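> One structure follows; several queries about it will come next.
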Amino acid sequence: MFGRLTWDAIPFNQPIPLITSLVVLMALAVTAIWITRNGWWGYLWNEYFTSTDHKKIGIMYVVLALLMLVRGFADAIMMRAQQSLAIGNSQGYLPPEHYNQIFSAHGTIMIFFMAMPIIIGFMNFVVPLQLGVRDVAFPTLNNVSFWLSASGALLINVSLFVGEFARTGWLAFPPLSEKAFSPGVGVDYYLVALQISGVGTTLTAVNFVTTILKIRAPGMSYLRMPVFCWTSLASSLLMLAAFPVLTATLAMLMLDRYLGFHFFTNDGGGNSMLYMNLIWVWGHPEVYILVLPAFGIYSEVVSTFSGKPLFGYRSMIFATLAICILSFTVWLHHFFTMGAGADVNAVFGIASMLIGIPTGVKIYNWLFTMYGGRVRFTVPMHYAIGFMFTFVIGGLTGILLAMPPVDFVVHNSLFLVAHFHQVIIGGVVFAVMAGYTYWFPKAFGFTLDERLGKAVFWCWFIGFHLAFMPLYVLGLWGATRRMQHIPDPTWAPYLDVAFVGAAIIGLGIVLTVVQLLYSIKTRDQRRDVTGDPWDGRTLEWLTLSPPPHYNFAVLPDVHGEEAYWTRKQTAIKQDQLIAEPNYQPIEMPLHSPTGVIVAFFASVCGFAIIWYIWWLAILGLVGAFAVFVWYAWRDEHEHVIPLEEVIANARERRRIRKEHLHNLSQSV
Amino acid sequence: MFVDSLSGRVTGLVKTLGKVQRRMICAASASVFASGCAQRGILDPVGPVASAEKTILINSTAIMLAIIIPTMIATAAFAFWFRRGNTKAKYRPDWEYSGAIELVVWSIPALTIMLLGGIAWISSHDLDPGKPLKSSKPAIHVQVVSLDWKWLFIYPDQGIATVNQLVIPQGTPVSFDLTSATVWNSFFVPQMGSMIYTMPRMTTHLNLQADKPGAFQGLSAHFSGDGFPGMQFKVQSLPADQFAMWAQGERGQGGALDAKAYAELSKPSSYVKPITYGAVVPNLYEAIVAGRQPQNPVPPPLHNPPAPPAGV
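Quick mapping for you: the protein sequence lines, in order, are chains A and B.
Positions in the first sequence are counted from 1; adding 21 to them yields the working numbering.
Positions in the second sequence are counted from 1; adding 263 to them yields the working numbering.
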């Protein structure tokens, strides 16, 4: 009846997971009660859960990602504590079977359920606004994508309460991840969760490639798109090309585990090298899927807060596309130590180094964007400058790792761990923190507290360096990764410093929550009444904060590379807005519960597959399919926003803008 | 060659720095632990492969720092000078392109990468793990098998085998054939240089040498399951005559590594104390690679039994 699922799956005799489970369940219950008492369920259901509005979906992605950041960080601090304690004769507080789950969960969650959702969340919120349009190409599909990602995140976290998670590392290399060596449900949780969220990611890629290629404001030619849109396009193209490889690879491993196939097994002619190649054909572009939109965020931030257009815009786009293509030619550098010949290693080593060229160009272009500018040291600019310092070091160590003979001695070491955290934290996390501060007023109509924001930045900046610089040193001393126990007592002080660094990052995360709560409390003093709090240059600052559901009453006409800046300067010079356009009623897509229901069935189906509850798996699959059919047969899919409402809102916006621009023209 | 001469010059420049840094590390650890200078992995090479790799590591770092440090200084300087409050700085709100600067910013990283790419090409060929080392002495041959979770070293020419203890003659090239009897691992002795994967049903090749006598730490550098941290082993580098004596002395001593002993040995265990076998069944390594020896005679579930779930 319930397959492999018995009461043994609940960790009654394991205090750490048991207490954690109870605390999380209690927190969920308290939140649910709080929402019920305030009567917010209807609002959440109508305005968020079933929303087809790209802005709301973007916000939901970011919320999901921040929750997963907390979970992933909890894993991180547990690992750091274990490595600080389990030295010499001590075994620390985590036995191997527990520790191994934690580092596997940390990697899986941080990449798939923190970094990916937060980048996709920003793409959702920002891209249509910057393109000057009202929504993405497939609004309901967009909602489905979000809920499928959430479904994957849910299953990963259920493994905490029911069963176990993978003990194989975040890429589940066979043969260790094969049934012969990992018979438990851990790897199955990993596989099923990633398959479900992978579908969501692929659909997102389809959606954004279509949106950016086909739906732009009049006059917004490719070479007038903001750099963030370009990097989102590059990132979506990479997703579209890379995620099907991941899905196929994991599907083969599932066939091995569930149906006794022999793709990657030791026996029956299987070959685990094949998995290593395939997973990195996805895995290396994945890095650029994350970091390219991050580069886009820095481009927006540096340009805005230097009060200048981005230096070398076309060069920047060329560099982005060069990285996009090169990223598919370098996967083998993840296993130079497999013993391929010198020619193969050298070719892939040099190909990897080539990525350093366009990346270096980007750094210089940001540098020259500041040159001749009026740099405002706001919170996003702190992150951008902090990034430029941190990332060049990450690039240096990356090129060292791309040098095959150097990789032979630092492969899989703590040096590698430090390197990829340097590019992911220094590159991606700094960017999303900058983007969070930068676009928060656009999303909610008030700015975040500046002082606390700077405190958060310094926590991340100092915490990161304390946490990872010692790991570079240890890596050079021969320390490898994923050690539940540290053999050399002389490493202890370095690991202790790393723990302190992680704790400081933890303080930064706590302060982020404090900053949010404090800013909400004092929101009346920090309202963004103009829609343009940073003196921005792209179209999202043209509309109000928060923007109306339909973003723009009339799609803006774009002249030149900096659509909004040009418009703003003309208006300031002439001290008047452009003539009032001819307003029309606006058709917008209806909200739809399809995503929530499909993800519900997908979660049920996934859980059933993990536990071998076949009848339930079939039920979930049929349910999900039935919802799609039901959705396809819908009669109504749009609602009309009446002309009066459009006009009333638009005139109000014009009045505000006129006043604001008038003030600006007086101050010039 | 151009690359060689340039990297040679960089080496000279960096050597002094390296010495200072090393003395600082030793001083720091000595003062903290009062235990002299501990082994410092790849920064403390004992053989030709490790030395060459350390040189490339340091030279490449120096070449890149030559670009990166000015970039960092420029970042700080630009950001500071062009701060909004500085009335002396000239505001150029429309300056967004300069062909000359574009040329320079593409050239700097491109030239750097051309130089480093040349080093990568040459060094990949010089330090190919499978390439035999140049030496007047014939290489000694060791077959390496990673088991759950320990290392088996077979000396086919000496007819002996050891577990978690690799004894080698100093100043003599060692030619390794490596495989795994279970999952992937990576054979790594940081002070001797290059690591290489051990993979089931496949053989990899590695050539290393220790020029100094001493004991060096070895480990698995690829996660292989619950007993992974216990896969440490000791490398004992002995003068050539002592090595010959050791091999002679062990021969016929202790147990024999036959099918039964191998079955016993391949049961999962970790933190295993060194073992020496005075005899080895012929072609054991070849049998393991071919999968003829029962791969995992114990029931597989013991490798990774279901466990309680992860903490948050």
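Glycine is no exception: its CB is placed at the ideal position from the N, C-alpha and C atoms.
Computed from a predicted model, the values in this text were never measured in an experiment.
Going by C-alpha distance, which of A:Pro606, A:Ala653 and A:Leu271 is nearest proline 614 of chain A?
Looking at A:Pro606, A:Ala653 and A:Leu271, the one whose alpha-carbon comes closest to that of proline 614 of chain A is A:Ala653.
> Starting from glutamate 659 of chain A, follow the beta strand (DSSP E) in both directions and report where the run begins and ends.
Here the beta strand (DSSP E) through glutamate 659 of chain A covers 659 to 662.
> Would you list the residues sitting across from arginine 548 of chain A in a DSSP beta bridge?
A:Phe467
> For alanine 363 of chain B, does the three-state DSSP call read helix, strand or coil?
helix
> For asparagine 121 of chain A, return the contacting residues in chain B, with the cut-off set at a CB-CB distance below 7 Å.
Asp489
> Under a CB-based cut-off of 7 Å, is glutamate 359 of chain B close to chain A?
yes
> Any beta-carbon of chain A closer than 7 Å to the one on arginine 555 of chain B?
no
> Closest to tyrosine 309 of chain A by C-alpha separation, out of A:Ser327, A:Ala340 and A:Gly328, would be which residue?
A:Ala340
> Can you pull the chain A residues whose beta carbon is under 9 Å from the beta carbon of leucine 320 of chain B, in chain order?
Leu421, Met424, Pro426, Val427, Val430, Val431 and Leu497
> Does histidine 603 of chain B get closer than 7 Å to chain A when you measure Cβ to Cβ?
Lying outside 264 to 575, the shown extent of chain B, residue 603 of chain B is not represented and no answer is given.
> Sorted by chain position, which residues of the same chain lie with C-beta nearer than 7 Å to isoleucine 288 of chain B's C-beta, five sequence neighbours on each side aside?
Interpretation of isoleucine 288 of chain B is limited by its pLDDT of 47, a score under 50 that renders its predicted location unreliable; the figure taken from the coordinates is listed afterwards. Hits under 7 Å: Arg303.
> Of the choices A:Ile384, A:Leu538, A:Phe436 and A:Thr350, whose alpha-carbon is the least far from that of glycine 448 of chain A?
Of the candidates A:Ile384, A:Leu538, A:Phe436 and A:Thr350, the residue whose Cα lies closest to the Cα of glycine 448 of chain A is A:Ile384.
> Please report how far the alpha carbon of serine 78 of chain A lies from the alpha carbon of threonine 350 of chain A, in whole angstroms.
The amino acid occupying residue 78 of chain A in the given sequence is isoleucine; serine does not appear at that position. Using only the alpha carbons, I get a separation of about 33 Å.
> Which residues in the same chain have their Cβ closer than 6 Å to the Cβ of glycine 184 of chain A, if we skip the five residues on either side of it in sequence?
Ala30 and Val206
> Give me the Cβ distance between asparagine 386 of chain A and serine 336 of chain A, rounded to the nearest whole Å; I'm assuming they're in contact under 8 Å.
6 Å
> Whose CA, out of A:Ala464, A:Asn110, A:Phe646 and A:Val534, lies closest to the CA of methionine 81 of chain A?
A:Ala464
> On a Cα-Cα basis, can you pick out the residue from A:Ser293, A:Gly304 and A:Ala524 that is closest to leucine 259 of chain A?
A:Gly304
> Return the Cβ separation of alanine 238 of chain A and leucine 576 of chain A in integer angstroms, given the expectation that the two are a contact with Cβ distance under 8 Å.
5 Å
> For chain A, find out if any of its Cβ atoms is closer than 7 Å to the Cβ of tryptophan 414 of chain B; answer yes or no.
Against chain A, the CB of tryptophan 414 of chain B has no partner CB under 7 Å away; the residue lies outside that interface.
> Do we get a CB-CB distance below 7 Å when we pair glutamine 495 of chain B with the residues of chain A?
yes
> Does the Cβ of histidine 580 of chain A have 16 or more other Cβ atoms within 10 Å, making it buried, or fewer, making it exposed?
exposed
> Might you give, ordered along the chain, the residues of its own chain that have their beta carbon closer than 6 Å to the beta carbon of methionine 335 of chain B, omitting 5 neighbours on each side?
none
> From the beta carbon of valine 368 of chain B, is the nearest beta carbon of chain A less than 7 Å away?
yes
> Between the beta-carbon of threonine 189 of chain A and the beta-carbon of leucine 197 of chain A, is there less than 7 Å?
yes
> Which value, in whole angstroms, describes the spacing of the CA atoms of serine 686 of chain A and glutamate 680 of chain A?
Rounded to the nearest angstrom, the two C-alpha atoms are 10 Å apart.
> Using C-beta distances below 7 Å, list every residue in its chain close to proline 38 of chain A, excluding the 5 sequence neighbours before and after it, in chain order.
Cβ within range, chain order: Pro32 and Leu181.
> For the ligand PLP, is there a heavy atom less than 6 Å away from the beta-carbon of serine 293 of chain A?
You won't find the ligand PLP in this model; it holds no ligand whatsoever.
> Using the Cα positions of methionine 402 of chain A and glycine 434 of chain B, report the straight-line distance between them to the nearest angstrom.
56 Å
> To which residues does DSSP link histidine 468 of chain B through a beta bridge?
DSSP output for histidine 468 of chain B lists B:Asp440 as bridge partner(s).
> Under DSSP, the alpha helix (DSSP H) around threonine 334 of chain B begins and ends at which residues?
DSSP places threonine 334 of chain B inside the alpha helix (DSSP H), whose first and last residues are 311 to 344.
> Following the continuous beta strand (DSSP E) through threonine 425 of chain B, name the residue where it begins and the one where it ends.
423 to 426
> Please identify the residue among B:Ala383, B:Pro537, B:Phe479 and B:Asp440 whose C-alpha is closest to the C-alpha of arginine 464 of chain B.
Minimum Cα distance to arginine 464 of chain B is reached at B:Asp440.
> Please state whether DSSP places histidine 612 of chain A in a helix, a strand or coil.
coil
> Return the first residue and the last residue of the beta strand (DSSP E) that asparagine 448 of chain B is part of.
448 to 452
> What would DSSP say about tyrosine 460 of chain B, mapped onto helix, strand or coil?
strand
> Can you name, in chain order, every residue of its own chain whose Cβ lies under 8 Å from the Cβ of glutamine 284 of chain B, other than the five neighbours on each side?
Its pLDDT being 49, under 50, glutamine 284 of chain B is placed unreliably by the model, and nothing is read from it.
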